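Every number in the numbering used here is 248 more than the matching position in the sequence shown, counting from 1. Where is the CB? At the ideal position from N, CA and C, for every residue including glycine. Computed from a predicted structure; not experimentally measured.
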Amino acid sequence: MHFYVYAAIGSTLFAREDPAHFGSIGLAALSLFEVVTGNGFSQLMHDAIDRASQFDYAAWTPVVYFASFVVVAVMVILNLFVGVITSEMTAVKHATVEKEHARREVEIEEHEVEILEHVAALETQLDQIRATLAKVKHSRALTAEARATPATVRS
């Protein structure tokens with residue numbers, strides 16, 4: 249949009265004096281692209297200033313035209329550059345947060361599996377203790393019964 253507006257203004261202002269650079273909007277846009285890249289900017293502006301008196305416009309007209317174009321173009325390009333960097337940094341930050349979240353989820357799952365394995369081992373040990381306790385109770389019951397039985401037989 250910026251290039252188109254300035255190309256239209258440039259072709260209106262400078263088409264008669266410099267048709268090679270401003271004879272059409274397309275040529276003006278190409279010339280402005282050269283100005284933005286710094287290729288021939290000074291020469292184009294100085295040629296326009298030198299021809300100002302021949303084509304009935306003030307010598308400051310090309311200065312204002314080119315200087316305002318360059319300032320606005322640099323601001324637009326700088327804003328785009330900053331916007332792209334900011335956008336990429338935000339995307340990288342989100343990706344990093346997502347990776348960290350996924351890593352933590354994996355750690356939690358691994359920890360949960362480890363805890364479940366320990367619980368299963370404890371349940372197995374508890375079952376063994378219960379079985380041993382049942383045997384001990386049964387053995388005591390038999391011992392108590394054996395002690396009680398001879399006492400009654402002796403009497």
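For residue i and residue j, what's the separation of their Cα atoms in angstroms?
i	j	result
alanine 368	lysine 347	31 Å
glutamate 336	leucine 326	15 Å
isoleucine 333	methionine 323	15 Å
glutamate 282	phenylalanine 303	24 Å
valine 361	histidine 349	18 Å
leucine 370	alanine 343	40 Å
glutamate 365	alanine 396	46 Å
histidine 294	phenylalanine 314	10 Å
glutamine 373	alanine 379	10 Å
valine 345	proline 310	52 Å
Between which two residues does the alpha helix (DSSP H) carrying residue i extend?
i	result
glutamate 252	Looking at the sequence shown, residue 252 is not glutamate but tyrosine. Per DSSP, tyrosine 252 belongs to the alpha helix (DSSP H) from 250–262.
glutamine 291	289–299
Would you check if the distance between the CB atom of residue i and the CB atom of residue j is smaller than 7 Å?
i	j	result
alanine 296	phenylalanine 262	yes
alanine 255	isoleucine 273	yes
glycine 288	phenylalanine 270	no
alanine 268	phenylalanine 251	no
Consult DSSP for residue i and reduce its assignment to one of helix, strand or coil.
i	result
glutamate 362	helix
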